[in-house]
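Numbered by full-length UniProt numbering, the letters in the sequence shown go through residues 1 to 461 in order. Since the structure comes first, as structure tokens, the remarks are kept for the end.
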Amino acid sequence: MVTRHSCQCHTLDILFAGLGLGPVLFVLVVGSGFLSSWTGLGDQGLVEDFEPPPQGSNATTILYYTTWFENVVAPLTGYKLKTCPGHGAAPLECAFTSNKRALDQAHVVVFHSRDLELAKMPAARPFASQLWAYWSEENPLYDHRSCGWYYRFKWWERQCDKVSLDPERLALFDLRMGYQLWSEVVVSYIHPSLKQHTDRPMSPSWQERRNAVVWIANNCASFNKREKYIAALMKHYPVHSYGDCLRTMPGKEGKVSEEEILKLMSQYKFAFAWENANCADYVTEKLVHVFISGGLPIVDGPDDYSPFVPNNHSVIRVSDFAGPKALADHLRLLEKDQALYESYFTYKPPTSHYHPAFLAADLGQDIGCKLCRAVAQQRVEAHAGRKKVVQLDGSCTRRRWDREYYDDGTMSSGPAELWIEEWGFGSEDLVLWAIGVGGMLASLLLARLHRRKHRLEKSTR
């Protein structure tokens, strides 16, 4: 005969059996990924078949010690030799490799931020004059967060280190390769050929373009809370969102190709080029896409846009308006007044009104040659006794648009004071905290059920 007590005990036995399998499965899954990280990515670059540079070569040797988003940058079995212009000096011979066996002879060793594991870095420099370069094209806030294990589902495969906001760790490096214009090696999202696109006549014309703002973004957890402002703007002016964040238009989900982005943007008078963080010099391909498509960019990012835009009247700055309603009123004015709209395009021929900072910006994309020249210059300075280290980029501001937005289209004067941000937490941390608390409560409940099971067993004997 099956009693209520025996049924309950049987249910608890099944529950505990399943619970016992959980840690086993976790160890199997995580362990397999952990082992693959040490036998795969960790040893990448240790290739036996290695050819050193030709004897007598004076080439500057550049070793990419890590991958770039898990992609090998330079040859693994030898070198890629290249002659780089010296920019006023003699041409430079440069040799690029990804083989770690070149460590003892490399003049510079490059570490990419998102593939960097401090525990797997060389224990020491094989010679004092060897330079180490820190390579990051992301803003430091994003780089810092992206190294958290909660950001990657397969966090056990590769655990990058949070270097971007740590002055002591940054001081390990001598050169910065990044978007910051003060970097020794500027790696900009803005291609030097952009002027070829901005010089072209507007096509389609003002009459053919739709009266709305187009926005394509999948990140709805930005550091500056741009999504809060855009959600408020939607109440006063049409925003056609094709991305996963605040989507208002039909279409496929997920990442949109560059070709699709340009095709969509070319249909609209206005397009958002709104960065996910406000950091000095942090301007990404979003702005390039708008200029190529021929529309009028609505921007928010660094305080100074002069090196990245044709002139100061070639974009609409969100920060110039008192709130979403004021911006909406300005857009409605532009959509009805062709001459006023086209006043933002005076950089196009025949006037060609370009800002000198835009024309002078060194935004070339030949990163290898830039690095080679920087290494040569740094070696000269080191020989003269001047040693530099990578400095912290503290220019980023958080939560610029984390305001109170009112029905009349105005907003509060400053960001809301959220303890979650003040204490350095983010939404991902809250999720982890909730999971942790939930796990502890579940453990307490199971322990209580376990004790109850034993009491029931004793009472039925």
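Where is the CB? At the ideal position from N, CA and C, for every residue including glycine.
Legend entry - Given 8 Å, three or more beta-carbon pairs between the segment 388-397 and the segment 268-287: Put simply, the segment 388-397 touches the segment 268-287. At least three CB pairs are less than 8 Å apart.
Inset, instruction - Just mark Gly243 as buried or exposed, buried being the case when its beta carbon has 16 or more other beta carbons within 10 Å. - result: Taking a 10 Å sphere around the C-beta of Gly243, we find 16 or more other C-beta atoms and assign the residue as buried.
Inset, instruction - For Ile261, name the three-state secondary structure that DSSP assigns. - result: Three-state DSSP puts Ile261 in a helix.
Inset, instruction - Using beta-carbon positions only, say whether Asp300 and Glu275 come within less than 8 Å of one another. - result: Their beta carbons are under 8 Å apart, which means Asp300 touches Glu275 by this criterion.
Inset, instruction - May I ask you to report which of helix, strand or coil DSSP gives Ala271? - result: In the structure shown, Ala271 sits in a strand (DSSP, three-state: E or B).
Inset, instruction - For Lys348, name the three-state secondary structure that DSSP assigns. - result: Lys348 falls in the coil class under three-state DSSP.
Inset, instruction - Counting only the same chain and skipping the five closest in sequence on each side, list residues whose C-beta sits under 6 Å from that of Ser403. - result: The question names Ser, yet the displayed sequence has Arg at residue 403. The residues Met411, Ser412, in chain order, have a CB closer than 6 Å to that of Arg403 in the same chain once the five nearest residues on each side in sequence are set aside.
Legend entry - Chain-order list of residues whose beta-carbon lies under 6 Å from that of Thr67 (same chain, five-residue window excluded): Non-local beta-carbon contacts of Thr67 in its own chain, meaning distances under 6 Å to residues more than five positions away in sequence, involve Asp115 in chain order.
Inset, instruction - Just the C-alpha distance for Gly78 and Ser98, rounded to the nearest angstrom, thanks. - result: A direct Cα-Cα distance of roughly 8 Å separates Gly78 from Ser98.
Legend entry - Within 8 Å, strictly: CB atoms of Trp215 and Phe272: Taking 8 Å as the Cβ cut-off, Trp215 and Phe272 qualify as a contacting pair.
Legend entry - Separation of His454 from Ala447, as counted between CA atoms: Taking the straight line joining both Cα atoms gives about 11 Å.
Inset, instruction - Compute the beta-carbon to beta-carbon distance between Leu103 and Val110, rounded to the nearest angstrom, for a pair I have assumed lies under 8 Å. - result: Taking 8 Å as the upper bound for CB-CB distance, Leu103 and Val110 are not in contact here, some 12 Å apart.
Inset, instruction - With a threshold of 16 other CB atoms inside 10 Å of the CB of Trp401, please say whether the residue is buried or exposed. - result: So Trp401 counts as buried.
Legend entry - Selected residue, minimal CA-CA separation from Ser183, among Ser459, Gly409, Leu392, Tyr406: Leu392 is the residue among Ser459, Gly409, Leu392, Tyr406 whose C-alpha sits nearest the C-alpha of Ser183.
Inset, instruction - Take every Cβ of the segment 339-356, pair it with every Cβ of the segment 217-230, and state whether three or more of those distances are shorter than 8 Å. - result: The segment 339-356 vs the segment 217-230: no contact.
Inset, instruction - May I ask you to list the residues that DSSP assigns as paired with Asp166? - result: Looking at the DSSP output, Asp166 sits in no beta bridge, so it has no partner there.
Legend entry - From Asp199, Pro302, Pro297, residue whose alpha carbon lies closest to that of residue 538: Residue numbering for the chain in the displayed model covers 1 to 461; residue 538 lies beyond these limits and cannot be assessed.
Legend entry - Those runs of the beta strand (DSSP E) which lie wholly inside the UniProt domain "Fucosyltransferase N-terminal" (58-189) and span at least 3 residues: Within the UniProt domain "Fucosyltransferase N-terminal" (58-189), the runs of beta strand (DSSP E) at least 3 residues long that lie entirely inside it are, in chain order, 60-64, 80-84, 92-97, 108-112, 131-135, 175-178.
Legend entry - Proximity of Met202 and Val187 at Cβ, strictly below 8 Å: Contact flag unset, no.
Legend entry - Sequence-distant residues of the same chain with beta carbon closer than 7 Å to Glu422, five excluded per side: With a pLDDT of 39 at Glu422, under the threshold of 50, the modelled position of that residue is not reliable, and no figure is offered here.
Inset, instruction - Could you say if the segment 348-358 and the segment 163-175 meet the contact criterion of at least three C-beta pairs nearer than 8 Å? - result: Contact fails: fewer than three Cβ-Cβ distances are below 8 Å.
Inset, instruction - Tell me whether Leu28 is buried or exposed, calling it buried when 16 or more other Cβ atoms sit within 10 Å of its Cβ. - result: With a pLDDT of only 36 at Leu28, under the threshold of 50, the placement of this residue in the model should not be trusted; the figure read from the coordinates follows. Exposed, since its Cβ has fewer than 16 Cβ neighbours within 10 Å.
Legend entry - Spatial distance of Cys372 from Tyr65 (CA atoms): Their Cα atoms are separated by approximately 16 Å.
Inset, instruction - Have a look at His144 and Pro349 and give me their C-alpha separation to the nearest angstrom. - result: Each residue's alpha carbon lies about 43 Å from the other.
Legend entry - Alpha-carbon to alpha-carbon, Leu141 and Ser164: Those two C-alpha atoms are separated by around 8 Å.
Legend entry - Cα-Cα separation between Ser36 and Ala74, rounded to whole angstroms: The pLDDT assigned to Ser36 is 29, lower than 50, so where the model puts this residue is not dependable, and the model offers no usable value.
Legend entry - Cα-Cα separation between Phe69 and Glu137, rounded to whole angstroms: Looking at the two C-alpha atoms, the distance is approximately 11 Å.
Legend entry - From Lys162, Lys80, Leu131, Gly436, residue whose alpha carbon lies closest to that of Glu117: Checked all of Lys162, Lys80, Leu131, Gly436; the closest Cα to Glu117 is Lys162.
Inset, instruction - List the DSSP bridge partners of Arg210. - result: DSSP links Arg210 through a beta bridge to Tyr268.
Inset, instruction - Using a threshold of 8 Å, state whether the C-beta atoms of Val185 and Ala374 are closer than that. - result: For Val185 and Ala374, yes; Cβs fall inside 8 Å.
Inset, instruction - Specify, as a first and last residue, the run of the beta strand (DSSP E) that Val390 falls within. - result: Careful: Val390 lies outside any beta strand (DSSP E) and carries neither H nor E.
Inset, instruction - Quick one: give me the first and last residue of the beta strand (DSSP E) that Pro297 is part of. - result: DSSP places Pro297 inside the beta strand (DSSP E), whose first and last residues are 296-300.
Inset, instruction - Report the option in Gln267, Pro204, Gln130 whose CA atom is closest to the CA atom of Val213. - result: Checked all of Gln267, Pro204, Gln130; the closest Cα to Val213 is Gln267.
Legend entry - Cα-Cα separation, Phe34 to Gly86: Only weak support is given to the placement of Phe34: the predicted model assigns it a pLDDT of 30, under 50, and the value that follows is read from those uncertain coordinates. Approximately 45 Å, taken between the alpha carbons.
Inset, instruction - List in chain order: all unbroken alpha helix (DSSP H) runs of 4+ residues lying wholly within the segment 216-261. - result: Every alpha helix (DSSP H) of 4 residues or more that sits fully in the segment 216-261 is shown, in chain order, as 226-233.
Inset, instruction - Report the partner residues of Asn278 according to the DSSP bridge assignment. - result: For Asn278, which the question treats as bridged, DSSP gives the partners Thr397.
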